[in-house]
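Student: Sequential numbering of the sequence shown, starting at 6, is according to the working numbering.
Here a beta-carbon is modelled for each residue, glycine too, at the ideal position from N, C-alpha and C.
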Amino acid sequence: MSDVLIRKMTVADAPGVHAVERESFATPWTLEAFVAEMTQNPNAYYLVAEAEEIIGFAGLWHIADEGHITNVAVKRATRGMGIGEALLVALIAEAKQLGLRAMTLEVRVSNTPARTLYEKLGFLYAGTRKRYYQDNNEDAAIYWLELEGDKL
6 MSDVLIRKMT VADAPGVHAV ERESFATPWT LEAFVAEMTQ NPNAYYLVAE AEEIIGFAGL
66 WHIADEGHIT NVAVKRATRG MGIGEALLVA LIAEAKQLGL RAMTLEVRVS NTPARTLYEK
126 LGFLYAGTRK RYYQDNNEDA AIYWLELEGD KL
């Protein structure tokens, strides 16, 4: 993990991010979607984990005073090494720097490793979105993390 750099994503990172996305999700975003996030969405904040190549990424949309985590993914060969956690810790720090009050995300109810990580970082389960994932109609667990101010 010491040779992994966490930094802001650039347009040039889009192909590497897209490769991680394709390996990680049943219905991946397109390469064009990542380019658009970098060039057309002023409320998008993305971080990458880089060793000799992009091995992970995490994204956040800044909506009003909240952050919506769009996706977090780590290359299969480097999972379980703390890279996802490092990305999320850096994303939480970015959200605090932006003055966001809270962060939210949806995750497959079956994704126990991700849910365990979110809970470790202080995210609280807030409910379920029924049949959220289009590929298999799996439910999504909704999580929130309070960053400052009143309780959610």
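Classify TYR138 as helix, strand or coil using the three-state DSSP reduction.
Tutor: For TYR138, the secondary structure class from DSSP, reduced to helix, strand or coil, is coil.
Student: From the DSSP output, which residues share a beta bridge with LEU129?
Tutor: TRP149
Student: Is ARG113 helix, strand or coil by DSSP?
Tutor: strand
Student: Is the segment 61-77 close to the segment 102-113, with three or more CB pairs under 8 Å?
Tutor: yes
Student: Between which two residues does the beta strand (DSSP E) carrying GLY85 extend?
Tutor: Note, GLY85: premise wrong, no beta strand (DSSP E); not H, not E.
Student: Taking C-alpha atoms, which residue in ALA131, GLY127 and ASN141 lies nearest to SER115?
Tutor: Residue ASN141 is the option with its Cα nearest to SER115.
Student: Buried or exposed: TYR130, going by 16 or more other Cβ atoms within 10 Å of its Cβ?
Tutor: exposed
Student: With H, G and I counted as helix, E and B as strand and the rest as coil, what does DSSP make of MET43?
Tutor: Helix at MET43.
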